[in-house]
Amino acid sequence: MKFGKKKGFFGRLSERIGDVILARPTIDEDLLDDLEEVLITSDIGMETTMHIIEQLRSDIKSERIREPEQVKEQIKAIIAGLIDKGERHKLCQDMPLIILMIGINGGGKTTSIGKIAYKCKKEGKSVMLAAADTFRAAAGEQLEIWGQRVGVNVVRHQEGADPSAVIFDAIQSAKAKNIDVLICDTAGRLQNKKNLMDELTKMNKVIGREYPEAARENLLVLDATTGKNAVSQAKEFNESADITGIVLTKLDGTAKGGIVITIADEFDMAVKFIGVGEGIEDLKEFDPKEFAGGIFDE
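For the sequence shown, the UniProt record's numbering assigns the number 1 to the initial residue and increments by one for each residue that follows.
See below:
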C-alpha cells in the first residue's frame with residue numbers, strides 16, 4: 001500500500017507540521033497550538049485533534065521529549081494508535097460470507113464491489129453479486145459490466161423492484177451453488193433519508209432470516225475527497241446498519257486523508273480497504289502503520 005512521495009494529503013500535512021516545527025524550535029504551548037491548527041485544517045475533526053494534542057502533551061511530559069523532531073515521530077505514533085483496530089482491518093475469512101455494500105451515490109460503491117469481487121476470486125473464492133440498488137437508473141447494468149469483467153454471476157431484477165427481494169433471490173442462488181462470497185449492492189439514495197435507512201434495515205433482516213449461518217460484513221464506502229462530509233455519512237449510516245468496516249475510495253492525489261483518522265477515532269471503525277487508483281487491482285488492504293508513516297515519510 002504505497003501512497004506516493006510527498007503527494008496529496010500526506011505531503012501537505014507533513015510539510016505543514018515541518019514548517020511549524022521549524023518556525024518554533026522550542027517545544028512549548030505555542031508549538032502545540034500551531035500543531036492543533038494544522039491538524040484541524042487538514043480535515044481531522046476537532047475532537048480527534050484534541051485527542052492527539054492532549055496525548056502529545058502527556059507524552060512530552062512523561063517521556064521527556066526535548067527535540068522537535070521527536071514531536072513528529074510522536075504524532076505519527078499517536079495517529080497510528082488511533083487508527084489501528086488490529087484484526088478488524090481484515091475482511092472476514094469465514095465462509096459463506098455476505099457483504100452488504102453501503103454508501104451514497106458517486107462514492108465509488110459499484111467500482112469497489114467489482115474490485116472486492118476480483119480480489120476474492122483471485123484468492124480462489126467463488127463469488128456472486130446482487131444488484132439490490134434498484135432505485136438508480138443503470139445501477140444494475142453497471143454491476144453487470146463488473147460481473148462480466150471479473151467473471152462472476154449477477155442476480156438482478158428490473159429497475160424499481162423491491163431490493164430485499166433481490167437479496168432474497170441472491171441468497172437462494174448462492175446457497176444452491178455453494179457460493180463463498182455474496183456481495184450486495186444497495187441504493188445510495190431513495191425518496192428521503194428515512195426510506196433509505198429503513199430499506200437497509202429490511203435487507204439486513206432478510207439476510208439474518210434467510211442465511212443466519214453466513215458470516216457478515218457491512219462495508220461503508222466513503223469518498224476521501226469529500227472530507228468532513230464523509231464523517232457525517234459514517235454517523236448516519238452507522239445508525240441504521242451495523243457497519244463492520246470502511247472502504248475509503250479516491251485516496252490519491254488531492255484526497256483529504258484526515259478523515260481516516262477522524263472516523264477511526266470518533267466511531268471506532270476499522271478501515272478495511274483504500275482505493276488508490278482506477279485499476280482493478282487499485283483497492284489495497286489498509287495498513288494503519290504504513291498510513292501513519294506515509295504522513296511523514298520523505
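All C-beta atoms in this analysis are idealised placements derived from N, C-alpha and C, irrespective of residue type, glycine included.
- Task: Classify K177 as helix, strand or coil using the three-state DSSP reduction.
- Result: coil
- Item | Bridge partners - V154, DSSP secondary structure assignment | L129
- Item | Cβ-based burial, S164 [other Cβ within 10 Å; buried from 16] | buried
- Item | Three-state secondary structure assigned by DSSP to R216 | strand
- Near C92, which residues of its chain fall below 7 Å by C-beta distance, leaving aside the five closest residues on each side in sequence? A215, E217
- Message: Pull the bridge partners of M101 from the DSSP assignment, please.
- Response: L219
- Task: Please report the Cβ distance between T186 and H157, rounded to the nearest whole angstrom; I am assuming they are in contact, meaning their Cβ atoms lie under 8 Å.
- Result: Their Cβ separation, rounded to whole angstroms, is 14 Å, which puts T186 and H157 out of contact at 8 Å.
- Query: Rounded C-beta distance between A241 and L222? I'm assuming under 8 Å.
  - Reply: A241 to L222, Cβ: 14 Å. No contact.
- Message: I need the DSSP call for K6, collapsed to helix, strand or coil.
- Response: Its pLDDT being 43, under 50, K6 is placed unreliably in this model, and the value from its coordinates should be taken loosely. Residue state, collapsed to three classes: coil.
- Task: Specify the secondary structure class of V20 as computed by DSSP and reduced to three states.
- Result: helix
- Message: Let's see if you can read the secondary structure: which residues bound the beta strand (DSSP E) around E285?
- Response: 283-285
- Message: Quick check on E278: buried or exposed, where buried means 16 or more other Cβ atoms within 10 Å of its Cβ?
- Response: exposed
- Cβ-based neighbour list, A139, same chain, cut-off 6 Å, excluding 5 preceding and 5 following: D133
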